[in-house]
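Chemist:
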Amino acid sequence: MTVTGTTTVTVRVRRGLLAQGVLALLALSVPIMIVLYWLTIPAGTWGWVGAAQVIVLVVVLIAAYRYTRVSVTVTPTTIVEVRFFGGENRTNITDIERVLMLEMHRTMASQSRLQMFVLDASGRPLLRMRGEYWSRNSINRIAAQLGTAPIEHIDHPVTLDELQTSRPEMLYWFERRPIHFP
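Numbered per the working numbering, the sequence shown spans residues 1 to 182.
1) Indicate the three-state DSSP secondary structure (helix, strand or coil) for residue 115 in the structure shown.
2) If you follow the beta strand (DSSP E) that residue 104 is in, where does it begin and where does it stop?
3) How long is the line joining the alpha carbons of residue 151 and residue 24, rounded to whole angstroms?
4) Which two residues bound the contiguous beta strand (DSSP E) that contains residue 54?
5) Starting from residue 141, trace the beta strand (DSSP E) both ways and give me its first and last residue.
6) May I have the straight-line CA-CA distance separating residue 8 from residue 46, to the nearest angstrom?
7) Using beta-carbon positions only, say whether residue 12 and residue 99 come within less than 8 angstroms of one another.
8) Looking at the strands, I want to know which residues DSSP matches up with residue 74.
9) Could you spell out where the beta strand (DSSP E) holding residue 91 opens and where it closes?
10) Counting only the same chain and skipping the five closest in sequence on each side, list residues whose C-beta sits under 7 angstroms from that of residue 95.
11) Alpha helix (DSSP H) containing residue 129: first to last residue?
12) Pop quiz: residue 73 and residue 10 are said to be a contact at Cβ under 8 angstroms. What is the actual Cβ separation, rounded to whole angstroms?
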């Protein structure tokens with residue numbers, strides 16, 4: 001398989017999700033911290049609240065930095081995925097057998113999201129881009145850059161349950177075991 005052109009394409013995750021996460025964290029933590037300071041300042045034990053607040057701030061800053069580093073880059077010879085939880089996943093373009101693109105409809109979700117699976121000859125995913133984190137344009141740019149690999153489009157939206165039964169090897173380990181509530 002060859003890549004179309006000799007250019008390198010890099011896409012990054014949606015930046016708006018970072019802002020939403022920070023706002024949600026602020027909405028949750030600010031009222032709690034205010035109450036904790038209100039309860040502990042009169043007793044003189046507010047130091048542990050301040051320490052906890054500093055620890056939370058450091059964790060949030062590290063997570064925000066790591067989030068901004070997440071990317072997928074396609075070069076003429078490799079795909080490089082920089083992951084949130086660390087490390088890089090490098091895949092040779094020659095290992096790609098096909099690309100599967102589908103709309104996944106999550107339970108209780110109002111709309112489906114595009115997902116792209118880059119698969120090897122045995123059907124094992126080499127790269128997965130989920131529409132929750134990547135824009136449709138970013139997914140399509142990477143798919144277009146993969147050149148001669150056949151791109152298979154699933155015409156109808158697929159649910160997570162359907163993938164769990166038909167192609168569980170394409171899902172992350174935590175998605176393979178469904179949790180059903182009574």
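Backbone N, C-alpha and C fix where the C-beta goes; we use that ideal spot for every residue, glycine too.
Modeler: In terms of the structure at hand:
1) Start at 1 with the first residue of the sequence shown, and residue 115 comes out as number 115. Looking at residue 115 - three-state DSSP - the assignment turns out to be strand.
2) For this step, residue 104 is matched to residue 104 along the sequence shown. Run containing residue 104: 98-105, per the beta strand (DSSP E) assignment.
3) Here the question's residue 151 lines up with position 151 in the sequence shown. Here the question's residue 24 lines up with position 24 in the sequence shown. Using only the alpha carbons, I get a separation of about 37 angstroms.
4) Walking along the sequence shown from the start, residue 54 turns up at place 54. Annotation for residue 54: no beta strand (DSSP E) segment contains it, though the alpha helix (DSSP H) segment containing it runs 47-69.
5) Position 141 of the sequence shown, counted from the first residue, corresponds to residue 141. Careful: residue 141 lies outside any beta strand (DSSP E), inside the alpha helix (DSSP H) at 136-145.
6) Residue mapping note: residue 8 aligns to position 8 of the sequence shown, counting from 1. Residue mapping note: residue 46 aligns to position 46 of the sequence shown, counting from 1. Distance between the alpha carbons of residue 8 and residue 46 is about 52 angstroms.
7) By one-based count along the sequence shown, residue 12 stands at place 12. By one-based count along the sequence shown, residue 99 stands at place 99. Cβ atoms of residue 12 and residue 99: not closer than 8 angstroms.
8) Here the question's residue 74 lines up with position 74 in the sequence shown. DSSP, once it has assigned bridges, lists 9, 79 as partnering residue 74.
9) Here residue 91 is taken as the residue at index 91 of the sequence shown, counted from 1. Residue range 88-92 is occupied by the beta strand (DSSP E) that includes residue 91.
10) Your numbering for residue 95 matches position 95 in the sequence shown. Result list for residue 95: 120, 126, in chain order.
11) Translated into the one-based positions of the sequence shown, residue 129 becomes position 129. Looking at the DSSP string, residue 129 is not in any alpha helix (DSSP H); the run it does join, the beta strand (DSSP E), is 125-130.
12) For the purposes of this step, residue 73 is taken as residue 73 along the sequence shown, with counting starting at 1. For the purposes of this step, residue 10 is taken as residue 10 along the sequence shown, with counting starting at 1. Contact holds; Cβ gap of about 4 angstroms.
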